[in-house]
């Protein structure tokens, strides 16, 4: 038996939690205004659902030999969502969903494959699309939706602040779970003037494991800043919160290394560089590469960090990024 969508779902599997959070966001949006949900679903499935979502109120409309003074109606529609925290789906599972949808008696029917897609997926689901067209005679719509497209679709500019804030929280969750590819386009520039040896010798950046100024969004690259410029670039292999001598947790990783090995490495960095300082957030870095990314505005950094979207540089890796940033100014990327 299925469960009602709840803030306290109790699901242990990540995919079930992700689905629950996404549905909660849609539920909040629907409760705010059904027209918002209609706009979102229309964008996701490519079919105008403005007349399908929500109750309609009409007057003096002829119906099979009678003209009631007033009518309150609501069309039927069913949306199935299959969620994967990666970028591939089982055709058989989707085919079973199509069969189940077809057995629904009335109304519009939609199947959404919600996954961690990147790149061109136009040919990935040709078999499923073919079944919708031929076997089900276009009575079922199918759409493959990335988490990036989903979060963009629900983030309507007209939403009230409480719903907008909830969507920001959902975006942060999806980002932390590695379900948004946008993190690969970001450089986290950190002021390292106080403790440069941690980076230059220890190949690590460390800060208190707390929020506020020490809270960092997921990024692919690390930039070492001091004396009005970024002088080193590295890939961020992983970020670990070391809470005690025996307790550490992985916040996220950008490399295919064993989590246990990364946790152990972070513990060793603490023991060597900051013995007894808990809790500490540890950025495990790859090899450092020289660059000269210049802060061209007056004064130093206003905070301890600054993010740069480096997507337009089309850097292939950290070596390429370091070369592409040489001689550039911050204003060029802000």
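In my numbering, the protein residues as written are -8 to 325. For glycine and all other residues, C-beta sits at the position ideal for the given N, C-alpha and C. Treat the numbers as computed from the prediction; the structure is a model and nothing was measured.
By the 16-neighbour rule on beta-carbons within 10 angstroms, residue 79 is exposed.
DSSP places residue 9 inside the alpha helix (DSSP H), whose first and last residues are 5 to 23. For residue 306, no beta strand (DSSP E) segment is defined, and its DSSP state is neither H nor E. In this structure, residue 89 lies away from residue 54, with their beta-carbon atoms at least 9 Å apart. Per DSSP, the unbroken beta strand (DSSP E) holding residue 182 starts and ends at 177 to 182. Note that the region 193 to 210 touches the region 220 to 237; at least 3 beta-carbon pairs, one per stretch, sit closer than 8 Å. Within its own chain, the residues whose Cβ lies closer than 6 Å to the Cβ of residue 135, once the five positions on either side in sequence are excluded, are 104, 112, 116, listed in chain order.
Counted as a single uninterrupted DSSP element, the stretch harbouring residue 44 is not any alpha helix (DSSP H), since DSSP gives it neither H nor E. The region 282 to 289 and the region 234 to 249 do not touch, with fewer than 3 CB-CB distances between them shorter than 8 Å. If the five residues before and after residue 45 are omitted, its C-beta is found closer than 6 Å to the C-beta atoms of 25, all from its own chain and listed in chain order. Looking from the CA of residue 219, the closest CA among 319, 151, 47 belongs to 319. Close CB contacts of residue 130 within its chain, under the 7 Å cut and outside five residues either way in sequence, are with 100 (chain order).
Between residue 180 and residue 258, the CB-CB gap reaches or exceeds 9 Å. The beta carbons of residue 280 and residue 312 sit closer together than 9 Å. Residue 252 and residue 40 have their C-alpha atoms some 50 Å from each other. In this structure, the straight-line span from the alpha carbon of residue 143 to that of residue 84 is close to 27 Å.
Secondary structure of residue 34 (DSSP, three-state): helix. If you draw a 10 Å sphere on the C-beta of residue 271, you find 16 or more other C-beta atoms in it, and that means buried. If you compare the alpha carbons of 66, 108, 43, 56 with that of residue 74, the shortest gap goes to 108.
Residue burial is scored here from C-beta neighbours: residue 29 has at least 16 other C-beta atoms within 10 angstroms and is therefore classed as buried.
Under the DSSP assignment, residue 162 falls in the alpha helix (DSSP H) whose first and last residues are 152 to 167. Around the beta carbon of residue 166, 16 or more other beta carbons sit within 10 angstroms, so the residue counts as buried. One thing to note: residue 224 has its Cβ no nearer than 9 Å to the Cβ of residue 293. Residue pairing of residue 214 in beta bridges, as defined by DSSP: 180, 224.
Here residue 114 is exposed: its Cβ has fewer than 16 other Cβ atoms, across all protein chains shown, within 10 Å. A check of alpha carbon separations from residue 217 across 190, 209, 128, 206 identifies 190 as the nearest. A Cβ-Cβ distance of about 6 Å is found for the pair residue 228 and residue 276, placing them in contact under the 8 Å criterion. Rounded to the nearest angstrom, the Cβ distance from residue 69 to residue 47 is 18 Å, too far for a contact under 8 Å.
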